[in-house]
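Q: This structure is in structure tokens; I'll ask about it shortly.
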Amino acid sequence: DHYGASFSFRFGLEGDDAAKAAANRLSARVEEPSKYMVVGDTQDIIKRINEYIDAGCSKFVMSPIGKDHKEMMKQTRLFIEEIQPEF
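And the structure:
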């Protein structure tokens, strides 16, 4: 068997507009949006992925948080360059 996880990520600060908007959207469906997203630096994102790996997850669907298409692409590029090589 294998298990997966899906969550949103953002390189940036929790209080920025895009992160707050994502948390607000999630709060309509879940009590603690922070459990379903990670906002921070490279190490914060790697730490969250490792928490899921330690819990038995082996597949991930990662969704970038951005205010527009350009920012979503930037977040995706950062993920490819800084996170993906670690795994």
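This note's numbering numbers the first residue of the sequence shown as 5 and each following residue consecutively.
Note that beta-carbon positions come from the ideal geometry of N, C-alpha and C, so glycine has one too.
Quick caveat: nothing in here was measured; it's all calculated off a predicted structure.
1. Report yes or no: do the stretch 62-70 and the stretch 29-38 share at least 3 C-beta pairs separated by less than 8 Å?
2. Let me know the secondary structure DSSP gives F91 once reduced to three states.
3. Between the Cα of M77 and those of R14, N54 and R52, spot the shortest distance and give me the residue it belongs to.
4. By how many angstroms is the C-alpha of S12 removed from the C-alpha of E75?
5. Pull up the DSSP beta-bridge partners for G8, would you.
6. What is the residue span of the alpha helix (DSSP H) that D20 lies within?
7. Need the endpoints of the beta strand (DSSP E) that V42 sits in, please.
8. Under a Cβ-count criterion, where at least 16 other Cβ atoms within 10 Å of its own Cβ denotes burial, should P89 be classed as buried or exposed?
9. Taking R33 as part of the alpha helix (DSSP H), name the residues at either end of that continuous run.
A: Per the coordinate set shown:
1. no
2. coil
3. R14
4. 14 Å
5. K63
6. No alpha helix (DSSP H) contains D20, which DSSP labels as neither H nor E.
7. M41 to G44
8. exposed
9. Premise fails: R33 is in no alpha helix (DSSP H) and is neither H nor E.
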